[in-house]
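Numbers in the working numbering are just positions in the sequence shown, counted from 1, shifted up by 390.
The structure appears right after this line, and notes come after that.
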Amino acid sequence: MTTFNKITREKVLDCLKQIREPLVGEDIVSLGLVREIEVDKNRVFLHLESSVEDPRLRDQFRETIIQSVLAIGASGCDVHFSEKPKCGVNPSAIQPIPGVKHVVAVASGKGGVGKSTVAVNLALALKKLGARVGLMDADIYGPNIPIMLGIPADKKPETAGQSEKIAPIDAHGIRAISIGFFADPEQPVIWRGPLLHKTIEQFLHRVEWGELDFLVVDLPPGTGDVQLSLSQWVHLSGAVVVTTPQEVALGDVRKAVNMFRQLEVTVLGVIENMTGPVFGKGGGEKMAEVFQVPFLGDIPLEAQIRECGDSGLPVVMGYPKSTISERFMKIAEAIRRALK
Ligand SMILES: Nc1ncnc2c1ncn2[C@@H]1O[C@H](COP(=O)(O)OP(=O)(O)O)[C@@H](O)[C@H]1O
Ligand SMILES: [Mg+2]
391 MTTFNKITRE KVLDCLKQIR EPLVGEDIVS LGLVREIEVD KNRVFLHLES SVEDPRLRDQ
451 FRETIIQSVL AIGASGCDVH FSEKPKCGVN PSAIQPIPGV KHVVAVASGK GGVGKSTVAV
511 NLALALKKLG ARVGLMDADI YGPNIPIMLG IPADKKPETA GQSEKIAPID AHGIRAISIG
571 FFADPEQPVI WRGPLLHKTI EQFLHRVEWG ELDFLVVDLP PGTGDVQLSL SQWVHLSGAV
631 VVTTPQEVAL GDVRKAVNMF RQLEVTVLGV IENMTGPVFG KGGGEKMAEV FQVPFLGDIP
691 LEAQIRECGD SGLPVVMGYP KSTISERFMK IAEAIRRALK
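What follows is the structure, encoded as structure tokens:
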């Protein structure tokens with residue numbers, strides 16, 4: 391009987407409470423984005439305050455809402471967005487960081503593939519090529535840049551001069567910022583959307599980066615809030631995607647590449663990490679071919695890399711003449727060429 395599935399305003403509201411605003415990450419009802427809910431027979435009309443300026447993101451957001459409302463049994467759903475963006479997500483928030491030429495993201499579809507290892511060594515390799523380099527640890531949930539760069543746990547960033555900006559910490563000739571410099575190491579970090587969005591903004595625009603050729607950003611794994619937030623605050627010159635050699639990683643790479651494509655960020659290429667007898671070889675190159683992005687090279691699975699990461703002296707510094715360091719130098723050269 392139709393009465394069983396009858397759509398009511400309350401049902402729609404409950405449904406909307408489950409939908410998270412894509413940039414801020416809180417549900418759209420709590421954020422006050424829902425202006426009107428109209429139900430006519432089983433058809434739903436929604437009027438929402440717009441929070442997303444980017445037309446593609448907005449279309450995706452609309453589609454998410456429509457699908458959720460259809461899933462509770464509505465026969466149709468129209469979503470109208472008002473023109474004025476709300477809730478602090480300001481489209482004009484995208485602004486250059488004064489003095490910073492290129493922001494390059496290091497991403498992966500899943501964790502543990504060596505993204506931070508690549509970000510650190512890539513940053514240092516670029517530095518060795520003569521570039522001025524910063525490293526931003528955007529892995530808010532599991533910051534490990536401080537340890538990898540050997541920055542002591544009690545070292546805290548200071549305010550830079552009278553500017554009220556935060557001074558990054560220098561390590562091995564590059565400038566770094568990480569939530570690890572601020573958080574209590576004993577406390578697990580639980581972040582809510584708005585706080586996370588704000589933190590990314592502070593790391594980009596409230597840190598005194600100075601003159602940089604490259605700001606390398608170590609992203610958390612996946613395609614979530616941090617990735618979106620980052621692209622809302624700054625123009626990314628490009629992204630590199632790190633993967634392991636197995637073919638099962640294909641889906642993870644696809645997600646990461648698609649995300650950057652949707653955000654209109656150039657994928658500079660794929661790096662295969664942990665190549666060797668354990669995980670095999672060639673998956674990364676194959677993926678690069680499938681997704682038609684450059685293959686930047688592979689990094690072998692070597693205990694040395696982990697030991698260097700743990701000891702705070704990254705491999706390109708600790709073993710500059712090793713094959714691994716040469717691989718990182720090659721990758722850095724390719725990235726520098728791509729972003730001339
Ligand atoms: N090529 C490699 N050979 C050996 N160990 C590696 C290699 N790359 C990364 N590791 C180790 O694997 C673990 C996960 O690497 P990490 O860079 O933290 O990954 P992610 O940032 O993707 O989670 C770390 O202990 C790191 O030292
Ligand atoms: Mg990491």
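All residues carry an ideal CB built from backbone N, CA and C; glycine is no exception.
These numbers were taken from a predicted model, which means no experiment stands behind them.
With a contact defined as Cβ atoms closer than 8 Å, Gly-499 and Asp-642 qualify at about 2 Å. For the set Gln-552, Asp-527 and Asp-574, the Cα lying nearest the Cα of Ile-559 is the one of Asp-527. Per DSSP, Phe-604 is one residue of the beta strand (DSSP E) stretching across 602 to 608. Here the C-alpha atom of Gln-636 lies approximately 10 Å from the C-alpha atom of Glu-662. For Thr-507, the closest C-alpha among the options Cys-405, Val-706 and Ile-564 is that of Val-706.
In the structure shown, the three-state DSSP call for Val-643 is helix. As the crow flies, the alpha-carbon of Phe-471 is around 39 Å from that of Val-503. Remark: C-beta atoms of Leu-586 and Ile-530 approach each other more closely than 9 Å. Relative to ligand 2, Gly-666 has its C-beta separated by 8 Å or more from all heavy atoms. Membership of Leu-516 in the alpha helix (DSSP H) is indicated by the continuous run 505 to 518. For Gly-612, the shortest separation between its Cβ and any heavy atom of ligand 1 does not lie below 8 Å.
Per DSSP, reduced to three states, the secondary structure at Arg-446 is helical. Assigned with DSSP and collapsed to three states, His-437 falls in strand. For the pair of segments examined, the stretch 660 to 678 was found not to touch the stretch 516 to 526: the number of CB pairs separated by less than 8 Å stays below three.
Ala-639 places its beta carbon 9 Å or farther from that of Val-494. Pairing Ile-695 with Ile-484, the inter-Cα distance amounts to about 36 Å. Inter-residue distance for Leu-703 and Ala-513 is about 13 Å (C-alpha atoms, whole angstroms). Ala-543 and Gly-570 have their C-alpha atoms roughly 8 Å apart.
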